[in-house]
Amino acid sequence: MRRAVDLLLPAGVDRRGIGVLATGHFGSDFFQGTVPALLPFLVAERGYSYGKVGALVLAASLGSAFLQPVLGAIADRIRGTAMMPAGLFLAAGGLGGVGLFDSFAATAVALMLGGFGVAAYHPEAIRFASRVSAGKQGAGMGFFAVGGSAGFMVGPALTSGAILAVGLHGLLIVAVVELAIATLVASQLGYLSRFRSAGGGERREDAGRSDWPRFGVIASTAVVRATVSIGAQTFVPLYLVAELGTGEGLSTLAISTYFGTTLVGSIIGGRLADRFGFVRVATISIVLGLPCLVPLPFVGVGGVFALVAVYGLFSGMNFYPLVVLAQRAVPRHLGLAAGVMLGMSIGLGSALVSLLGVLADHAGTGAVLWAVVGGAALAAALATYLAATARHAASVAA
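For any residue, its number in this note's numbering is found by taking its place in the sequence shown, counting from 1, and adding 48.
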């Protein structure tokens with residue numbers, strides 16, 4: 049058992065600190081994971097069109113997209129530790145609101161408020177995750193990512209079970225989980241505050257020049273990657289129902305499968321990044337994700353689950369290496385970098401997914417899968433360019 053713990057969290061990572069942050073990350077991404085799981089039930093019980101479903105995905109991410117970079121920039125200048133539990137409390141309120149209110153407008157507002165909560169948690173949490181794992185940043189950030197992936201995985205399963213049991217009002221039960229996590233994180237702020245200047249965190253922020261063009265390439269890669277990921281999360285379950293005839297419960301299991309393998313990929317990706325480099329791990333895993341998506345329109349239910357599982361593994365391996373690369377590109381703006389990578393990239397990806405909802409209304413969910421494949425090809429091209437520029441910079445420096 050101890051060897052397993054040492055493998056996950058080697059020396060150089062404060063286990064209590066990263067454990068608290070990963071638990072909060074579970075709560076933050078728990079909210080985000082519930083959103084795609086809700087969609088088949090909202091279509092079935094409230095009669096929403098695919099276009100409205102896409103708009104709800106946008107609403108859930110809109111606040112995060114535009115507010116998170118702002119909060120990240122603010123966190124670069126002030127002590128914003130309290131934003132972490134406050135964001136989780138707000139996410140809990142958003143989940144409860146979807147269960148309480150029946151109208152489309154109220155549902156959209158509730159999801160947007162929950163998105164604001166996600167925006168409040170991430171920038172400061174990423175900053176502290178970097179500090180408590182200063183000795184092994186890949187392993188620490190990988191474990192932090194595990195919390196988020198676990199939230200994404202458990203969120204759909206718990207949401208589906210609660211709604212199947214008591215209807216959409218079951219989201220009030222789900223919200224209680226979020227409240228408990230928010231309370232836990234709030235109780236640990238005193239412990240986390242000791243890492244505000246630990247491990248050279250402040251010195252790293254003050255050292256080094258910002259490479260904004262490189263940051264732009266990394267952020268663009270993250271936007272396209274997020275579009276592909278969110279598109280798959282949103283429309284693979286709808287494709288299973290509309291084209292392959294599965295029930296809503298089985299369709300949401302595909303989301304949990306994806307996030308389950310994403311969790312494993314986060315651990316593997318973090319350790320590999322510490323050993324082989326963040327650029328190499330991010331690039332190879334993004335490129336390998338493409339052939340997992342191409343066969344989706346041609347296989348049955350079992351094949352879809354298998355492909356989604358493998359794609360989730362590669363997806364988990366690359367996201368937080370991209371976040372670390374973004375922070376290294378602009379070392380004086382860690383909060384802003386985290387806000388852009390976890391907020392704006394995902395928000396813009398969600399905005400593009402809302403357009404996929406319109407495509408689904410007119411051409412079917414199968415056409416959306418091909419659009420997702422095209423996005424994966426673009427992400428692979430951007431990642432390859434990022435790796436090429438890194439090799440060029442290394443050769444010039446040598």
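All residues carry an ideal CB built from backbone N, CA and C; glycine is no exception.
Here's the rule I'm using: 16 or more other beta-carbon atoms within 10 Å means buried, otherwise exposed. How should residue i be labelled?
i      : result
Thr269 : buried
Val194 : buried
Thr231 : exposed
Ala153 : exposed
Ala173 : buried
Ser241 : exposed
Val289 : buried
His410 : exposed
Leu286 : buried
Ala447 : This structure leaves residue 447 out entirely; the chain is present only between 49 and 446.
Ala130 : exposed
Arg175 : buried
Gly350 : exposed
Taking 7 Å as the limit between beta carbons, can you name the residues of its chain near residue i, skipping five residues before and five after?
i      : result
Ala424 : Val276, Gly337, Leu338, Leu341
Ser402 : Gly102, Ala103, Val105, Leu106
Lys100 : Phe152
Thr518 : Any answer about residue 518 is impossible in this case: the structure gives the chain only from 49 up to 446.
Pro171 : Gln116, Leu119, Gly120, Ala123, Gly383, Ala386, Gly387
Ala158 : Gly142, Gly145, Val146, Phe149
Alpha carbon to alpha carbon, how far is residue i from residue j?
i      : j      : result
Asp124 : Leu382 : 7 Å
Thr432 : Gly395 : 23 Å
Pro88  : Ile126 : 41 Å
Val327 : Arg273 : 15 Å
Gly476 : Ala168 : This structure does not reach residue 476, given that the chain is present from 49 up to 446, and the question cannot be answered.
Gln375 : Val284 : 32 Å
Ala437 : Leu430 : Reading the sequence as shown, one finds Thr at residue 437 and not Ala. Their backbone Cα atoms lie some 11 Å apart in a straight line.
Ala121 : Arg63  : 27 Å
Ala428 : Phe114 : 26 Å
Gly360 : Tyr239 : 33 Å
Phe451 : Gly325 : Shown here, the chain extends from 49 to 446; a query on residue 451 therefore has no answer.
Thr331 : Gln80  : 25 Å
Ser299 : Leu138 : 28 Å
Ala213 : Leu417 : 31 Å
Val358 : Ala140 : 31 Å
Ile334 : Leu426 : 10 Å
Thr310 : Phe200 : 9 Å
Gly295 : Gly209 : 13 Å
Phe243 : Leu407 : 47 Å
Quick one: what's got a C-beta closer than 6 Å to residue i's C-beta in the same chain, skipping five residues either side?
i      : result
Val378 : Ser258, Phe263, Ala385
Ser314 : Gly190, Ala193, Val194, Ser197, Gly364
Val265 : Leu434
For residue i, which residues from the same chain have a beta carbon less than 8 Å from its beta carbon, with the 5 sequence-adjacent residues on both sides left out?
i      : result
Glu291 : Gly412, Thr413, Gly414
Leu355 : Cys340, Leu341, Pro343, Leu344, Val347
Ile66  : Leu57, Ala177, Val180, Ser181, Gly188, Phe191, Phe192
Val329 : Gly317, Leu320, Ala321, Met365, Asn366, Pro369
Trp260 : Ala377, Val378
Leu404 : Gly102, Gly279, Thr282, Phe283, Val416, Ala419, Val420
Gly215 : Glu93
Val61  : Val180, Ser181, Gly183, Lys184, Ala187, Gly188, Phe191
>> Under 8 Å, with one C-beta from each stretch per pair, do the region 88-97 and the region 368-388 reach the 3-pair mark?
In response: With a cut-off of 8 Å, the region 368-388 and the region 88-97 do not count as touching, because too few Cβ pairs lie within range.
> Between the region 141-150 and the region 212-230, do three or more beta carbon pairs fall short of 8 Å?
Replying inline: With the rule of 3 Cβ pairs closer than 8 Å, the region 141-150 counts as touching the region 212-230.
> Should the region 73-88 be called in touch with the region 190-208, which here means at least 3 C-beta pairs below 8 Å?
Replying inline: Three or more Cβ pairs closer than 8 Å define a contact, and the region 73-88 meets that threshold against the region 190-208.
> Could you give the uninterrupted runs of the beta strand (DSSP E) lying entirely in the region 95-153, keeping only those of 3 residues or more?
Replying inline: Counting only runs of 3 or more residues that sit fully inside the region 95-153, no beta strand (DSSP E) segment turns up.
> What are the uninterrupted segments assigned as alpha helix (DSSP H) that are 4 or more residues long and contained completely in the region 356-441, given in chain order?
Replying inline: Secondary structure within the region 356-441: the alpha helix (DSSP H) runs of 4 or more consecutive residues, fully enclosed, are 382-387, 393-411 (chain order).
> Fully enclosed by the region 216-280, which beta strand (DSSP E) runs are 3 residues long or longer?
Replying inline: Counting only runs of 3 or more, we get nothing.
> Enumerated in chain order, which unbroken segments of the alpha helix (DSSP H) with a length of 4 residues or greater are wholly contained in the region 287-342?
Replying inline: Within the region 287-342, the complete alpha helix (DSSP H) runs of at least 4 residues are 296-324, 326-341.
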